[in-house]
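Residue numbers (our numbering), protein chains in the order written: chain A, 1 to 326; chain B, 1001 to 1043. Quick reminder that beta carbons are idealized off the backbone N, C-alpha and C, glycines included.
See below:
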């Protein structure tokens, strides 16, 4: 009798939840045929295009040869695991550069031909035959980018490596969640993401400004790892006669009064102390009074095609100059 | 089970409707320009 009462109580609690989640999943999936949500698209990106890397310091890599329609654009991964054309590994007579970066360099939310990597390749190629290999991978930080370059990039024997650095690149290396299977349910992704947004409004220290700024406290492990990764990359490049440059990319929420000036100054000062050439392209965006005009969508502050064109234009000369030529 | 569903049908229906209403409110309340850091589902 007691057990039956407990079972009935559990059923009364769980049954409406299960029915709601089931119906919610169906309704949300139908709604998603009409509208794109950034958080759901990022979840699909992880499911469709990412796999675990055997190298724990890299964490995840792209599934070679995979493709998907994400954030409204087609994304195709080449046989080496990059959103790029097929490239020969062995010697090339062209000036060859490797671009390292995260989802911004990957070109999240824009067509491949609209990404700054492609625009720069086209532009630099007019000046001198040039090949740019885009190693940009969503969710990477500097440590992962450097590991990936050492593991795969060196084989391409580039003349130059350019790291495109974003404010969140000082985050620690992400770990796979044990609850990753829940990402199969759109309703779970929706609730998880929206609850975090709600918390950001109500709980102090949860907004992007506070979160990103706190990454650069001197004792933050992610920032310490970032510095170590840059030191290692500089050494590797020096040993192989490769020129190294870093471009700091803007966070696109407030551009006329940039909130991360202090943090980017700290990054730039560190890089200069390591004799690494650095360019902050944020000032090239200072005239933008409506930053959302440069966003992929209202719920996604990744740079759109217009912003990619600005990044390419602002960094072109810096990237083109100097370095050994073949 | 059928008897259970019949007995508590209004409780179950109202519960589902409450969850749905909360979801719609959450959707409307957070359907605004991004204000949180980039969040990625890595896997």
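- Message: So with CB distances below 8 angstroms, who are the chain A contacts of residue 1016 of chain B?
- Response: 16, 19, 20, 23
- Closer than 9 angstroms by beta-carbon distance: list the chain B residues that pair up with residue 168 of chain A, in chain order. 1037, 1038
- Message: I'd like to know if residue 135 of chain A contacts chain B, where contact means its C-beta is closer than 8 angstroms to some C-beta of that chain.
- Response: Not closer than 8 angstroms to any Cβ of chain B, the Cβ of residue 135 of chain A fails to qualify, so no.
- Is residue 1021 of chain B close to chain A, meaning its C-beta is less than 8 angstroms from at least one C-beta of that chain? no
- Rounded to whole angstroms, what's the CA-CA distance from residue 266 of chain A to residue 248 of chain A? Just pull it up for me. 12 angstroms
- Select from the region 257 to 277 of chain A all residues with a C-beta closer than 9 angstroms to any C-beta belonging to chain B, and list them in chain order. none
- Touching or not, the region 70 to 79 of chain A and the region 93 to 111 of chain A, by the rule of three or more beta carbon pairs under 8 angstroms? yes
- Message: If the cut-off is 7 angstroms on Cβ atoms, which residues from the region 278 to 303 of chain A count as contacting chain B, listed in chain order?
- Response: 292, 298, 299, 300, 301
- Within its chain, find whatever has a CB closer than 6 angstroms to the CB of residue 299 of chain A; leave out the 5 residues flanking it on each side and keep chain order. 38
- Query: Are the C-beta of residue 1003 of chain B and some C-beta of chain A separated by less than 8 angstroms?
  - Reply: no
- How is residue 258 of chain A classed by DSSP in three states: helix, strand or coil? coil
- Query: Should the region 168 to 182 of chain A be called in touch with the region 136 to 144 of chain A, which here means at least 3 C-beta pairs below 8 angstroms?
  - Reply: A contact exists between the region 168 to 182 of chain A and the region 136 to 144 of chain A.
- Task: Give the range of the beta strand (DSSP E) segment to which residue 61 of chain A is assigned.
- Result: 60 to 62
- Is residue 231 of chain A near residue 271 of chain A, with beta carbons less than 8 angstroms apart? Against a cut-off of 8 angstroms, the Cβ pair of residue 271 of chain A and residue 231 of chain A comes out as no contact.
- If we ignore side chains and look at the alpha-carbon of each, how far apart do residue 219 of chain A and residue 175 of chain A end up? 20 angstroms
- Residues within the region 204 to 219 of chain A neighbouring chain B, beta-carbon criterion of under 8 angstroms: 206, 207, 208, 211, 212
- Message: Here's a check: name, in chain order, each residue in its chain whose Cβ is nearer than 8 angstroms to the Cβ of residue 211 of chain A, leaving out the five neighbours to either side.
- Response: Annotation for residue 211 of chain A: 205 place their beta carbon closer than 8 angstroms to its own, counting only its chain and skipping 5 residues before and after.
- Query: Where does residue 69 of chain A sit, in a helix, a strand or coil, going by DSSP?
  - Reply: strand
- Query: Taking the alpha-carbon positions, what's the residue 119 of chain A to residue 30 of chain A distance?
  - Reply: 36 angstroms
- Between which two residues does the alpha helix (DSSP H) carrying residue 187 of chain A extend? Residue range 186 to 202 is occupied by the alpha helix (DSSP H) that includes residue 187 of chain A.
- Would you tell me roughly how many angstroms separate the C-alpha atoms of residue 233 of chain A and residue 58 of chain A, rounded to the nearest one? 14 angstroms
- Item | Local Cβ density within 10 Å of residue 1007 of chain B, reported as buried at 16 or more and exposed below that | exposed
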